Amino acid sequence: LLLSAGVHVPDASLLPVRAAAAVGVLAAWLWASRRLAEPERSHTLFALAAVYVTVFNPRTETNGYVMLAPAVGLFALHARAAGASRAVALLALIAIGLGADNYPAHRQTDLWLKPALGLVFLSWLLLRIARGPSTTAPRP
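Okay, structure coming up:
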């Protein structure tokens with residue numbers, strides 16, 4: 347994502363960023379584990395792990411972002427069950443963006459769109475954790 351923006355950061359400088367991100371994701375999970383009930387708690391752990399592995403791993407390839415799709419889908423179900431239509435719309439747009447390999451704009455978006463969507467999803471997750479438990483859970 348940074349290279350696509352024209353910012354070159356040496357790998358040695360990114361190691362502390364990745365370590366801080368790992369600590370941040372762990373802190374977010376601990377926060378979520380105190381605030382959310384099942385099944386959202388488990389879904390949040392999966393989603394945070396998927397975001398960390400895809401966005402902060404220097405070896406992630408474009409097809410690796412498929413790990414985010416089930417997490418986005420789970421939270422779209424939660425949002426739909428709670429009647430949060432704006433959240434459903436945002437999550438649907440994220441899911442569509444994760445499938446950008448199949449669109450004509452793939453070459454223009456290959457290296458920046460999916461990491462950016464991962465960061466948007468991470469931000470949404472953190473806001474979701476801050477709001478606390480939803481009142482309804484999706485039906486299986």
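For the sequence shown, the numbering used here begins at 347 and goes up steadily by one. For glycine and all other residues, C-beta sits at the position ideal for the given N, C-alpha and C. Quick caveat: nothing in here was measured; it's all calculated off a predicted structure.
* Uninterrupted alpha helix (DSSP H) stretches inside the stretch 351-425 (no shorter than 4 residues) -> Listed in chain order, the complete alpha helix (DSSP H) runs (minimum 4 residues) inside the stretch 351-425 are 357-381, 386-401.
Review point. How far does the alpha helix (DSSP H) with residue 470 in it reach, from first residue to last?
Key: The residue given as residue 470 occupies position 124 in the sequence shown. Per DSSP, residue 470 belongs to the alpha helix (DSSP H) from 459-477.
(message) Tell me which residues share the same chain as residue 396 and place their Cβ nearer than 7 Å to its Cβ, disregarding the 5 neighbours each side in the sequence.
(response) Within the sequence shown, the letter at position 50 stands for residue 396. The residues are 413, 414, 417.
State the Cα-Cα distance for the pair residue 402 and residue 357, rounded to the nearest angstrom. Position 56 of the sequence shown, counting from 1, holds the residue named residue 402. Position 11 of the sequence shown, counting from 1, holds the residue named residue 357. So the alpha carbons of these two residues sit roughly 12 Å apart.
* To the nearest whole angstrom, what separates the beta carbons of residue 475 and residue 382, a pair I think is in contact under 8 Å? -> For the purposes of this step, residue 475 is taken as residue 129 along the sequence shown, with counting starting at 1. For the purposes of this step, residue 382 is taken as residue 36 along the sequence shown, with counting starting at 1. With a beta-carbon spacing of about 7 Å, residue 475 and residue 382 fall inside the 8 Å limit used to define contacts.
Practice task
May I ask you to report which of helix, strand or coil DSSP gives residue 456?
Solution key: In the sequence shown, residue 456 corresponds to position 110, counting from 1. Correct three-state label for residue 456: coil.
Margin query: So, with DSSP's three-state summary, where would you put residue 428?
Written below: By one-based count along the sequence shown, residue 428 stands at place 82. Coil at residue 428, not helix or strand.
Quick one: Cα of residue 430 to Cα of residue 422, how far? Reading the sequence shown from its first residue, position 84 is the one you call residue 430. Reading the sequence shown from its first residue, position 76 is the one you call residue 422. The alpha-carbon separation between residue 430 and residue 422 amounts to approximately 9 Å.
Going along the chain, which residues of its own chain have a beta-carbon closer than 7 Å to the beta-carbon of residue 364, five neighbours each way excluded?
Locating residue 364 in the sequence shown gives position 18, where the first residue counts as 1. Here the set comprises 402.
- Keeping to the same chain, check which residues put their C-beta closer than 6 Å to that of residue 391; ignore five residues upstream and five downstream. Reading the sequence shown from its first residue, position 45 is the one you call residue 391. 375.
Which whole-angstrom value describes the C-beta separation of residue 441 and residue 464, a residue pair presumed to lie in contact below a C-beta threshold of 8 Å?
Sequence index remark: in the sequence shown, residue 441 carries index 95 (1-based). Sequence index remark: in the sequence shown, residue 464 carries index 118 (1-based). Rounded, the Cβ-Cβ distance is 12 Å, inconsistent with contact.
Open item on the list: Going by beta-carbon coordinates alone, are residue 424 and residue 384 separated by less than 8 Å?
Closed with: The sequence position of residue 424 within the sequence shown is 78, counting from 1. The sequence position of residue 384 within the sequence shown is 38, counting from 1. Their beta carbons are not under 8 Å apart, which means residue 424 does not touch residue 384 by this criterion.
Could you check which residue in 399, 471, 462 has the C-alpha nearest to that of residue 368? Numbered from 1 along the sequence shown, position 22 holds the residue referred to as residue 368. Nearest C-alpha to residue 368: 399.
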